[in-house]
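Asks:
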Amino acid sequence: MAGKTSPWSNDATLQHVLMSDWSVSFTSLYNLLKTKLCPYFYVCTYQFTVLFRAAGLAGSDLITALISPTTRGLREAMRNEGIEFSLPLIKESGYKKETASGTSLGYGEEQAISDEDEEESFSWLEEMGVQDKIKKPDILSIKLRKEKHEVQMDHRPESVVLVKGINTFTLLNFLINCKSLVATSGPQAGLPPTLLSPVAFRGATMQILKARSVNVKTQALSGYRDQFSLEITGPIMPHSLHSLTMLLKSSQSGSFSAVLYPHEPTAVFNICLPVDKVLDMEVVHKELTNCGLHPNTLEQLSQIPLLGKSSLRNVVLRDYIYNWRS
Numbered sequence: 002m003a004g005k006t007s008p009w010s011n012d013a014t015l016q017h018v019l020m021s022d023w024s025v026s027f028t029s030l031y032n033l034l035k036t037k038l039c040p041y042f043y044v045c046t047y048q049f050t051v052l053f054r055a056a057g058l059a060g061s062d063l064i065t066a067l068i069s070p071t072t073r074g075l076r077e078a079m080r081n082e083g084i085e086f087s088l089p090l091i092k093e094s095g096y097k098k099e100t101a102s103g104t105s106l107g108y109g110e111e112q113a114i115s116d117e118d119e120e121e122s123f124s125w126l127e128e129m130g131v132q133d134k135i136k137k138p139d140i141l142s143i144k145l146r147k148e149k150h151e152v153q154m155d156h157r158p159e160s161v162v163l164v165k166g167i168n169t170f171t172l173l174n175f176l177i178n179c180k181s182l183v184a185t186s187g188p189q190a191g192l193p194p195t196l197l198s199p200v201a202f203r204g205a206t207m208q209i210l211k212a213r214s215v216n217v218k219t220q221a222l223s224g225y226r227d228q229f230s231l232e233i234t235g236p237i238m239p240h241s242l243h244s245l246t247m248l249l250k251s252s253q254s255g256s257f258s259a260v261l262y263p264h265e266p267t268a269v270f271n272i273c274l275p276v277d278k279v280l281d282m283e284v285v286h287k288e289l290t291n292c293g294l295h296p297n298t299l300e301q302l303s304q305i306p307l308l309g310k311s312s313l314r315n316v317v318l319r320d321y322i323y324n325w326r327s
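Residue numbering for the sequence shown follows the working numbering, starting at 2 and increasing by one per position.
1. Within a Cβ cutoff of 6 Å, which residues of the same chain sit near residue 243, ignoring the five residues on either side of it in sequence?
2. Give the secondary structure of residue 76 by DSSP, where H, G and I count as helix, E and B as strand, and everything else as coil.
3. Alpha carbon to alpha carbon, how far is residue 215 from residue 309? Give it in angstroms, no decimals.
4. List the whole-angstrom C-beta distance separating residue 314 from residue 261, where the pair is believed to meet the contact cut-off of C-beta under 8 Å.
5. Helix, strand or coil for residue 1? Go by DSSP, reduced to three states.
6. Considering only residues of the same chain and omitting the five flanking positions on each side of residue 87, which have a CB-CB separation below 6 Å?
7. Could you tell me the alpha carbon to alpha carbon distance between residue 54 and residue 211, rounded to whole angstroms?
8. Locate the beta strand (DSSP E) running through residue 43, then write down its first and last residues.
9. How about the segment 70-89 and the segment 153-161: do they share at least three Cβ pairs that are nearer than 8 Å?
10. Which of the three DSSP states is assigned to residue 218 in this structure?
11. Touch check for the segment 36-50 and the segment 186-206: three-plus C-beta pairs under 8 Å?
12. According to DSSP, simplified to helix, strand and coil, what is residue 232?
13. Mind checking whether residue 85 and residue 174 have CB atoms under 9 Å apart?
14. Three or more C-beta pairs closer than 8 Å, one from the segment 273-284 and one from the segment 55-71: is that the case here?
15. Once the 5 residues before and after residue 213 are set aside, which same chain residues still bring their CB inside 6 Å of it?
16. With residue 38 and residue 291 assumed to form a contact (beta carbons below 8 Å), what rounded beta-carbon distance in angstroms separates them?
17. Take residue 332 and list the residues in its own chain whose beta-carbon comes closer than 6 Å to its own, dropping the five residues that flank it on each side.
18. Just curious, the beta strand (DSSP E) that residue 164 is in, first and last residue?
19. Could you pull out every residue in the same chain whose Cβ sits closer than 6 Å to the Cβ of residue 347, ignoring the five residues on either side in sequence?
20. Counting C-beta neighbours from all protein chains within 10 Å, is the total for residue 20 16 or more, i.e. buried, or is it exposed?
21. Under DSSP, the alpha helix (DSSP H) around residue 285 begins and ends at which residues?
22. Give the DSSP-derived three-state secondary structure of residue 276 in the structure shown.
23. Alpha carbon to alpha carbon, how far is residue 204 from residue 321? Give it in angstroms, no decimals.
24. Could you tell me which uninterrupted beta strand (DSSP E) segments, each at least 3 residues in length, are contained entirely in the segment 168-228, listed from first to last along the chain?
25. With DSSP collapsed to three states, give me the class of residue 14.
26. From what residue to what residue does the beta strand (DSSP E) around residue 65 run?
27. Please report how far the alpha carbon of residue 184 lies from the alpha carbon of residue 192, in whole angstroms.
28. For the beta strand (DSSP E) that residue 50 lies in, which residues bound it at each end?
29. Whole angstroms are fine: how far does the CA of residue 179 sit from the CA of residue 91?
30. Hey, would you say residue 268 sits closer than 9 Å to residue 241, going by beta carbons?
31. Excluding sequence positions up to five away, which residues of its chain have a Cβ less than 7 Å from the Cβ of residue 34?
32. Helix, strand or coil for residue 30? Go by DSSP, reduced to three states.
33. DSSP three-state call for residue 91: helix, strand or coil?
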């Protein structure tokens, strides 16, 4: 039920019970992830999505969490809670500038030097006795200018936040206690965020993807031939997609094509994470043996992502050779 018919939308007591049960489920999932009995899971809120990955996946030796899209307000709230995080795409693209001497400056360093230059300029004006004729920017103006870059990337792929290691547990507590995590209006009013996982967890229910098959006749050189299509809808997680390709590869004699329609805000989860060291894949696979994934799928998901901010759009297999487009 949703919208006006939702019994919990205006019932504070019921909402409290729902959030309490959700918190238990969320904590259960995190503990499974920590003990490597769950490879990854999603927290889907009405404003953003969080992807938690177990240590060993995506080339990282630590538990990681990616949040997208984010806003300056959310990032500020996380900082206030003591959550250490990075903006991996900002570091990549760049707020970097080459100085005349060839030294590379980050955005923070560049801004600091700019502020120093301004102070020197006004000191010089004071010496000339004309400082009163020049309006010096007030503290608020300077602060707004500094925050401009942060605000500009809100809701964009570049706003993706990366949390690593023990900070993911702090993020867990932050999300559990975050009042704005639940919508106050609309079809999701009063409902806790959705938890999606490839393995069972406390309070979970098993959901199946919707599938529809179609058989059509297409014209060929020798007349007409049958062409079969399979349409699958729902939250198709990475392990499901890989399992489907393995199934079609064997059942269709090494030839098939697929068109994919991703959830755009989560395409950025394919970015390459900063890696401190190269992992021993044999050890990773051994430690994640009981995570619930097929060994071939585990091998694929433990590799460093290569798609960047994009996601798969088309996959074609011809004579057992894959081609894809993002």
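C-beta: ideal position from N, C-alpha, C; glycine also.
Replies: So, from the listed chains and residues:
1. Within the same chain, 298 and 301 come within 6 Å of residue 243 by CB-CB distance, once the 5 residues on both sides are set aside.
2. Of the three classes helix, strand and coil, the one that applies to residue 76 here is helix, per DSSP.
3. When only Cα atoms are considered, residue 309 and residue 215 end up about 34 Å apart.
4. 6 Å
5. Past the boundaries of the shown model lies residue 1; the chain is included only from 2 to 327, so the question cannot be answered.
6. 163
7. Taking the straight line from one Cα to the other gives about 26 Å.
8. Run containing residue 43: 41-45, per the beta strand (DSSP E) assignment.
9. yes
10. strand
11. Taking 8 Å as the limit for Cβ pairs, the verdict is that the segment 186-206 does touch the segment 36-50.
12. strand
13. no
14. yes
15. 232
16. 6 Å
17. Absent from the structure is residue 332, since the part of the chain shown begins at 2 and ends at 327.
18. Where residue 164 is concerned, the enclosing beta strand (DSSP E) stretches over 162-165.
19. This structure does not reach residue 347, given that the chain is present from 2 up to 327, and the question cannot be answered.
20. buried
21. Bounds of the alpha helix (DSSP H) holding residue 285 are 282-288.
22. Three-state DSSP puts residue 276 in coil, outside helix and strand.
23. 41 Å
24. 195-197 and 211-221
25. helix
26. First-last of the beta strand (DSSP E) with residue 65: 65-69.
27. For residue 184 and residue 192, the distance between alpha carbons rounds to 7 Å.
28. 50-54
29. 26 Å
30. no
31. 42, 53, 55 and 64
32. helix
33. helix
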